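S.K.: My structure is below; once you've seen it, I'll send some questions.
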Amino acid sequence: MNDQNNLFLLKREFFRLVDEFEQCQIHTIKYEIKKDILLLQEALDRYAIYDEKTGET
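Numbers given in the numbering used here equal positions in the sequence shown, counted from 1, plus 212.
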């Protein structure tokens, strides 16, 4: 897979988790989903920094 595909998959999973988080009613599960969202957000931020340094989008 290339970087664009990886970024697309990360973004898709991020938004899926955000939707799941908003619909979840169980606090403990919601907490676990939020941890996953934060990890994915960190990965997406790293991709953005990588793109700025390499000039890729």
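No residue lacks a Cβ here, since even glycine has one placed at the ideal position from N, Cα and C. From a predicted model like this one, the values you see are computed outputs, not experimental measurements.
#1: Could you name the residues of the same chain whose beta carbon sits closer than 8 Å to that of Phe230, not counting the 5 residues immediately before and after it, in chain order?
#2: With a 10 Å radius around its C-beta and 16 neighbouring C-beta atoms as the bar for buried, classify Ile245 as buried or exposed.
#3: Expressed to the nearest angstrom, what Euclidean distance is found between the alpha-carbon atoms of Leu251 and Ile241?
#4: For Asn217, report the span of its alpha helix (DSSP H) as first-last.
M.R.: Let me lay it out:
#1: Residue identity differs from the one stated: residue 230 is Val in this sequence, not Phe. The residues are Ile249.
#2: buried
#3: 16 Å
#4: Asp215 to Gln235
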